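J.: If you scroll down you'll find the structure; I have some questions about it.
In the working numbering, the protein residues as written are 77 to 673.
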């Protein structure tokens with residue numbers, strides 16, 4: 077029995093045995109139906125509550141303490157159960173399912189971290205063989221997960237950071253004690269058990285409360301959803317990751333309970349249900365009563381109309397709980413952010429807290445003087461984020477943001493002008509969050525091969541319309557694109573254009589040294605240039621020589637153009653000396669210095 081430490085309501089236990097072709101999985105579900113007869117006052121109270129609620133300061137259990145204690149699985153106490161037996165192939169397919177009455181006479185209770193630590197050990201606690209079994213269970217969980225992913229399910233875990241996708245394909249943050257292999261084992265085994273029961277009921281024509289899941293009608297192609305699922309559980313805090321999580325939360329509708337199988341979109345299943353938590357979910361208790369009757373050959377205790385009524389009631393309860401929880405969180409966050417805005421401690425806030433305060437400031441409508449000063453300080457200190465820039469530039473609900481938020485916009489635009497690469501990232505983030513096509517960049521080049529000039533125009537696309545930035549020129553395509561992106565942001569905000577054309581530095585002529593470059597300098601230059609080329613740090617574009625003067629006292633001019641791989645930028649230098657070797661060495665050393673190599 078793997079659960080949170082000290083939990084009083086253990087409603088499932090499992091055991092895994094390896095076979096030559098895979099594994100056999102046994103899942104014992106607490107026999108709550110035997111302890112809570114249908115229609116009693118305890119049953120009606122459980123229906124009223126619908127499910128156990130885990131609040132920040134307390135837990136509101138679905139069942140009264142006495143009934144919960146009697147029905148819960150326990151160490152050292154024999155319990156009647158509903159027993160599920162699943163045959164699982166090595167590729168994670170459930171090949172057969174058997175449902176019957178069971179009796180659990182020996183059980184071991186451990187928490188998630190202990191389960192994770194026992195994997196790979198020889199015996200586990202008290203020499204009970206739990207370690208070997210959990211090692212097999214870990215292999216089963218990975219096989220089940222791989223099979224789900226192969227089927228197209230939205231499934232993912234990043235146990236190093238605690239991000240996972242729930243049954244409905246929505247990203248959730250796991251508590252620290254559950255962010256481990258123990259949680260992965262339990263989650264995959266219970267999903268497999270519930271899915272197997274739903275399939276069994278379809279084959280045997282047994283109406284139960286199926287767990288149906290639908291996606292929003294505006295959902296993107298499945299490939300995009302799978303990409304978002306991988307990003308959402310990647311554990312990073314990049315803008316792309318945040319946008320992917322936001323899209324999944326928006327697109328994945330909450331699942332419903334209905335007496336017919338309409339499929340589960342996120343799990344990519346034709347049928348799914350809830351059965352393994354009858355102490356904590358009323359739907360599971362209803363389904364247990366139906367399955368026990370089917371196993372005994374008795375008629376179902378519920379009509380299809382009864383199931384439809386109960387399902388609707390449970391769905392409404394869940395929606396009301398979500399709305400109440402959301403309002404509580406909003407109220408708490410709003411009050412906390414307002415205190416920060418009024419308290420003058422903005423310079424003490426960590427980046428995540430400041431981001432929440434920035435959103436609150438936008439909702440509030442008018443930035444305070446302290447907030448404007450803090451935005452300026454963070455921009456100057458280089459600790460401002462692209463996500464906060466998006467919030468403060470593009471998330472205003474009113475149309476007069478350019479006037480009200482002009483000072484804030486000016487500081488952020490100045491920050492973008494000092495780091496124009498962020499302008500490109502900000503435009504990409506804006507499009508991704510809005511679900512618009514990515515920005516496009518139209519470029520052209522002119523000039524000699526060793527001295528090209530690039531011209532780029534950045535364009536944003538939204539709702540079938542486009543807005544382009546100014547045409548900007550620079551020695552590299554990347555630099556020109558960054559300046560045009562900066563100008564485009566200024567246009568979108570009706571702000572003064574802070575972008576500019578970048579002119580390549582003039583080639584400087586150095587007079588020839590009377591005695592040329594020493595041989596030691598020439599050898600050092602050749603060695604360093606050879607190393608840079610071999611490590612692909614630079615690519616030589618051209619080396620050209622120009623001869624002048626009499627044969628006994630020549631003047632040789634070397635013009636070297638090379639590209640720095642890291643930046644993609646070309647550098648051209650010209651040096652003059654009394655010989656080709658000396659002129660080339662001088663040009664090489666000057667290039668290395670100019671390129672910062």
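Note that CB positions come from ideal geometry on N, CA and C, so glycine has one too. Predicted model only: the values in this text are computed from it and were never measured.
Does residue 608 pass the burial test, meaning 16 or more other C-beta atoms within 10 Å, or should it be called exposed?
T.: In the chain shown, residue 608 corresponds to position 532, counting from 1. Buried.
J.: Give a yes or no on whether the C-beta atoms belonging to residue 324 and residue 428 are separated by under 9 Å.
T.: Position 248 of the chain shown, counted from the start, is the residue given in the question as residue 324. Position 352 of the chain shown, counted from the start, is the residue given in the question as residue 428. Not a contact, by the Cβ cut-off of 9 Å.
J.: What does a CB cutoff of less than 8 Å around residue 114 pick up in its chain, not counting 5 residues either side in sequence?
T.: Reading the chain shown from its first residue, position 38 is the one you call residue 114. Cβ-Cβ distances below 8 Å link residue 114 to 365 and 377 in the same chain, with the five nearest sequence neighbours on each side left out; the list follows chain order.
J.: Quick check on the DSSP output: what are the complete beta strand (DSSP E) runs of length 3 or more inside the stretch 611-660, in order along the chain?
T.: Uninterrupted beta strand (DSSP E) stretches at least 3 residues long and entirely within the stretch 611-660 occur at 614-624, 631-640 and 645-653, given in chain order.
J.: Measure the C-alpha to C-alpha separation of residue 647 and residue 631 and round it to an integer number of angstroms.
T.: By one-based count along the chain shown, residue 647 stands at place 571. By one-based count along the chain shown, residue 631 stands at place 555. If you take the alpha carbons of residue 647 and residue 631, they lie about 23 Å apart.
J.: Looking at the strands, I want to know which residues DSSP matches up with residue 333.
T.: Looking up residue 333 in the chain shown gives position 257. Residue 333 pairs with 287.
J.: Sort 235, 243, 146 and 354 by Cα distance to residue 251 and report the nearest one.
T.: Locating residue 251 in the chain shown gives position 175, where the first residue counts as 1. Looking at the Cα atoms, 235 is the closest of the given residues.
J.: With distances taken between CB atoms, is the gap from residue 521 to residue 531 smaller than 9 Å?
T.: For this step, residue 521 is matched to residue 445 along the chain shown. For this step, residue 531 is matched to residue 455 along the chain shown. Yes, the Cβ-Cβ distance between residue 521 and residue 531 is below 9 Å.
J.: What does DSSP give as the partner residues of residue 99 in its beta bridges?
T.: Taking the chain shown and counting its residues from 1, one reaches residue 99 at position 23. The partner list for residue 99 (beta bridge, DSSP) reads 94 and 164.
J.: Using only the alpha-carbon positions, how far apart do residue 492 and residue 222 sit?
T.: If you number the chain shown from 1, residue 492 lands on position 416. If you number the chain shown from 1, residue 222 lands on position 146. About 43 Å.
J.: For residue 271 and residue 444, I'd like the C-alpha separation in whole angstroms.
T.: Counted from its first residue, the chain shown places residue 271 at position 195. Counted from its first residue, the chain shown places residue 444 at position 368. Approximately 54 Å, taken between the alpha carbons.
J.: Kindly list the residues whose CB is nearer than 6 Å to the CB of residue 360, restricted to its own chain and excluding five residues on each side of it in sequence; keep chain order.
T.: For the purposes of this step, residue 360 is taken as residue 284 along the chain shown, with counting starting at 1. The residues are 350, 351, 353 and 354.
J.: How far does the alpha helix (DSSP H) with residue 544 in it extend, from its first residue to its last?
T.: For the purposes of this step, residue 544 is taken as residue 468 along the chain shown, with counting starting at 1. Careful: residue 544 lies outside any alpha helix (DSSP H), inside the beta strand (DSSP E) at 541-544.
J.: I'd like the list of long-range same chain contacts for residue 676, defined as Cβ closer than 8 Å, with 5 residues on each side in sequence excluded.
T.: Because the chain spans 77 through 673 in this model, residue 676 falls outside it and cannot be assessed.
J.: Can you name, in chain order, every residue of its own chain whose Cβ lies under 7 Å from the Cβ of residue 278, other than the five neighbours on each side?
T.: Sequence index remark: in the chain shown, residue 278 carries index 202 (1-based). Only 337 and 347 meet the Cβ criterion.
J.: Rounding to the nearest angstrom, what Cα-Cα distance links residue 296 and residue 541 in this structure?
T.: Within the chain shown, residue 296 is the residue found at index 220, counting from 1. Within the chain shown, residue 541 is the residue found at index 465, counting from 1. Roughly 21 Å separates the two Cα atoms.
J.: In this structure, does DSSP put residue 530 in helix, strand or coil?
T.: By 1-based counting over the chain shown, the position of residue 530 is 454. Three-state DSSP puts residue 530 in a strand.
J.: Buried or exposed: which applies to residue 485, given that a residue is buried once 16 or more other Cβ atoms fall within 10 Å of its Cβ?
T.: On the chain shown, position 409 is the one that residue 485 refers to. With 16 or more Cβ atoms within 10 Å of its Cβ, residue 485 is classed as buried.
J.: Taking the alpha carbon of residue 207 as the reference point, which residue from 196, 214 and 215 has its own alpha carbon closest?
T.: Taking the chain shown and counting its residues from 1, one reaches residue 207 at position 131. Closest by alpha carbon: 196.
J.: Between the stretch 79-89 and the stretch 99-108, do at least 3 Cβ pairs fall closer than 8 Å?
T.: yes
J.: Could you tell me the boundaries of the beta strand (DSSP E) in which residue 176 lies?
T.: As a position in the chain shown, residue 176 is number 100, starting the count at 1. It spans 170-180 - the beta strand (DSSP E) in which residue 176 sits, taken as one unbroken run.
J.: Between residue 539 and residue 573, what straight-line distance do the alpha-carbon atoms span, to the nearest angstrom?
T.: By one-based count along the chain shown, residue 539 stands at place 463. By one-based count along the chain shown, residue 573 stands at place 497. Distance between the alpha carbons of residue 539 and residue 573 is about 24 Å.
J.: For residue 431, I'd like the list of residues in its chain whose CB is within less than 8 Å of its CB, leaving aside the five on either flank, ordered along the chain.
T.: The residue you call residue 431 lines up with position 355 of the chain shown. The residues are 461, 463, 464 and 467.
J.: Measure the alpha-carbon distance for residue 470 versus residue 157 and round it to whole angstroms.
T.: The residue labelled residue 470 in the question sits at position 394 within the chain shown. The residue labelled residue 157 in the question sits at position 81 within the chain shown. For residue 470 and residue 157, the distance between alpha carbons rounds to 56 Å.
J.: Whole angstroms are fine: how far does the CA of residue 194 sit from the CA of residue 200?
T.: Against the chain shown, residue 200 aligns to sequence position 124. Against the chain shown, residue 194 aligns to sequence position 118. With a pLDDT of only 47 at residue 200, under the threshold of 50, the placement of this residue in the model should not be trusted; the figure read from the coordinates follows. About 6 Å.
J.: In this structure, how does DSSP classify residue 189 when only helix, strand and coil are distinguished?
T.: In the chain shown, counting from the first residue as 1, residue 189 sits at position 113. Correct three-state label for residue 189: helix.
J.: Let me know if residue 403 comes out buried or exposed under the rule of 16 or more other beta-carbons within 10 Å of its beta-carbon.
T.: Taking the first residue of the chain shown as position 1, residue 403 is located at position 327. Burial call: exposed.
J.: Which same chain residues, not among the five before or five after residue 555, have their C-beta less than 7 Å away from its C-beta?
T.: One-based indexing of the chain shown puts residue 555 at position 479. Closer than 7 Å at the Cβ level, and outside the excluded window around residue 555, lie 578.
J.: Assuming residue 161 and residue 100 make a contact with CB atoms under 8 Å, what is their CB distance in whole Å?
T.: On the chain shown, position 85 is the one that residue 161 refers to. On the chain shown, position 24 is the one that residue 100 refers to. The pair is a contact, with the Cβ atoms about 7 Å apart (cut-off 8 Å).
J.: Considering only residues of the same chain and omitting the five flanking positions on each side of residue 601, which have a CB-CB separation below 6 Å?
T.: Numbered from 1 along the chain shown, position 525 holds the residue referred to as residue 601. Answer for residue 601: 661, 664 and 665, listed in chain order.
J.: Determine the extent of the alpha helix (DSSP H) in which residue 248 is found, giving its start and end residues.
T.: On the chain shown, residue 248 is found 172 positions in, with the first residue counted as 1. From DSSP, residue 248 is part of no alpha helix (DSSP H) but of the beta strand (DSSP E) over 247-249.
J.: Curious, which full-length beta strand (DSSP E) runs of at least 3 residues does the stretch 335-394 contain?
T.: none
J.: Work out the CA separation of residue 514 and residue 317 for me, nearest whole Å.
T.: By one-based count along the chain shown, residue 317 stands at place 241. By one-based count along the chain shown, residue 514 stands at place 438. Straight-line Cα distance between these residues: approximately 16 Å.
J.: Answer yes if the stretch 176-183 comes into contact with the stretch 113-128, meaning at least three C-beta pairs across the two stretches below 8 Å, and no otherwise.
T.: no
J.: For residue 149, report the span of its alpha helix (DSSP H) as first-last.
T.: Against the chain shown, residue 149 aligns to sequence position 73. Per DSSP, residue 149 belongs to no alpha helix (DSSP H) and is neither H nor E.
J.: Could you spell out the range, first to last residue, of the beta strand (DSSP E) harbouring residue 516?
T.: As a working note, residue 516 is residue 440 in the chain shown. Where residue 516 is concerned, the enclosing beta strand (DSSP E) stretches over 516-522.
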